[in-house]
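Below you'll find the structure, written out as structure tokens, and then a few comments.
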Amino acid sequence: MKKQIKSINIFDKSKYHKMIESPEMLDYGVYLQCDKLLGCQKPISQLATADEMQFQIVHQVEELWMKLICFTLVDILDYMYQQEHHRVITLFSRVHLLQRMMTNQLDVLETMSPKEYQKIRLQLGNGSGQESPGFRTLLKLPSDMWACFKTIYLDEGKISVEQIYDSEYVHDHRYAVAEAMIEFDEQLQLFRWRHLLLIHRSIGLGAKSLKGRPVELLQSGAAKRFFPELWDIRNTMTDNWGGEYGKFRPSISGKS
Ligand code: HEM
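Numbering (our numbering), first residue to last: 22 to 277.
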């Protein structure tokens with residue numbers, strides 16, 4: 022049982038809500054267009070549940086990170102053509118950081134109870150994550166990324182993925198860029214698997230209304246590799262080593 026607290030008006034909630042929604046704009050706020058930014062969420066008075074604020078903000082922030090990721094990837098493609106390899110690698114590390122942030126931020130949504138989410142779900146109309154503008158653009162970029170990598174690093178350099186990784190391995194700029202591409206691919210898969218677990222936790226993956234298309238679609242998306250040549254070389258190398266050293270190696274403990 023909650024004990025009733027007699028004193029009232031310890032703080033003025035509506036005053037704070039007003040400050041949160043329409044704070045004073047000084048130069049910093051004007052430059053960042055904070056008035057527009059803070060106006061992009063539903064008014065507090067119209068929220069279906071207090072959790073709707075975090076739901077909207079996490080999704081909006083994710084869209085902003087995807088905007089920056091896509092913009093940076095386009096720059097990377099440009100720098101690939103200019104053969105500015107150090108820029109390519111530095112910008113890829115920015116993209117990887119952004120991708121990790123995107124994945125980590127999904128944690129925030131797991132602080133919301135499944136019950137609260139049901140109230141928010143009703144607000145979405147037919148909206149679905151598949152319609153995310155940032156994600157749709159992001160999915161278009163890997164085919165151009167591979168075409169650029171192939172033209173600039175493989176065809177122009179007259180070298181194959183096998184040579185870069187194995188028979189002529191020198192850990193040069195081509196190897197570094199290939200590994201940056203693999204990291205991008207892996208981070209995209211990690212986001213998709215993490216997102217699947219988020220769905221598992223908030224609406225369940227076995228729900229009857231979800232059986233079939235959405236779950237299959239999400240699982241096949243999460244298993245997708247955008248640069249299969251860069252993944253397959255690892256299998257080839259391991260099989261070659263197996264052929265060279267044999268599949269079974271002598272035990273070093275003498276027990277296995
Ligand atoms: C409680 C939170 C969330 C739930 C319950 C949820 C649920 C779902 C479901 C069921 C789908 C499958 C398509 C459909 O039937 O709508 C989906 C797709 C998707 N969602 Fe979410 N989602 C959540 C949060 C997020 C967040 C924060 C993002 C941020 C970007 C996001 C991005 C996506 C994307 C990009 C897809 C398409 C997936 C793909 O192609 O692999 N979702 N989501």
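Ideal Cβ positions, reconstructed from N, Cα and C, are used throughout, including at glycine.
Please go through the same chain and pick out, in chain order, the residues whose beta-carbon is closer than 6 Å to the beta-carbon of residue i, but skip the five residues on each side of it.
| i | result |
| --- | --- |
| C169 | L98, M101 |
| P135 | S223 |
| L94 | L162 |
| R213 | G242, A243 |
| E137 | T70, D72 |
| S255 | Note on identity: in this sequence residue 255 is Arg, with Ser being the wrong assignment. For R255, where only same-chain residues beyond five positions count, there are no Cβ hits under 6 Å. |
Given the structure, does residue i come close to ligand 1, in the sense that its CB is under 7 Å from one of the ligand's heavy atoms?
| i | result |
| --- | --- |
| E45 | no |
| Q81 | no |
| F156 | yes |
| P235 | yes |
| G150 | yes |
| R213 | yes |
| S114 | no |
| I78 | no |
| I254 | no |
| S66 | no |
| G242 | yes |
| I31 | no |
| H216 | yes |
| L89 | no |
| L209 | no |
| S230 | no |
| Y138 | yes |
| I220 | yes |
| S181 | no |
Once you ignore the five residues that flank residue i on each side, which residues in its own chain have a CB closer than 8 Å to its CB?
| i | result |
| --- | --- |
| I110 | H194, A197, V198, A201 |
| I65 | H38, I41, E42, M74 |
| E207 | none |
| L89 | L119 |
| L143 | A69 |
Quick one, are the C-beta atoms of residue i and residue j less than 8 Å apart?
| i | j | result |
| --- | --- | --- |
| L251 | V182 | yes |
| A243 | L217 | yes |
| T70 | I141 | yes |
| K57 | Q77 | no |
| D33 | M133 | no |
Throw me the rounded Cβ distance for the residue i and residue j pair, which I believe falls under 8 Å.
| i | j | result |
| --- | --- | --- |
| L47 | C91 | That belief does not hold up - the Cβ atoms of L47 and C91 are roughly 31 Å apart, past 8 Å. |
| I203 | F248 | 7 Å |
| T124 | L239 | 15 Å between Cβ atoms; not a contact. |
| A96 | L85 | Per the sequence shown, residue 96 should be read as Asp rather than Ala. Not quite, the Cβ-Cβ distance comes to about 17 Å (not below 8 Å), so this is no contact. |
| Q81 | C55 | Q81 to C55, Cβ: 14 Å. No contact. |
Could you check if residue i is buried or exposed, using at least 16 other CB atoms within 10 Å of its CB as the buried criterion?
| i | result |
| --- | --- |
| M317 | For residue 317 there is no data in the structure shown, the boundaries of the chain being 22 and 277. |
| E131 | exposed |
| I173 | buried |
| T259 | exposed |
| V116 | buried |
| L145 | exposed |
| M87 | buried |
| E83 | buried |
| I185 | buried |
| L53 | exposed |
Among the residues of its own chain, which have a CB less than 7 Å from the CB of residue i, if the five just before and after it don't count?
| i | result |
| --- | --- |
| V129 | Q75, V79 |
| L127 | R215, H216, L219 |
| L59 | E42 |
| L159 | M87, I90, C91 |
| E152 | none |
| Q104 | I173 |
| N147 | none |
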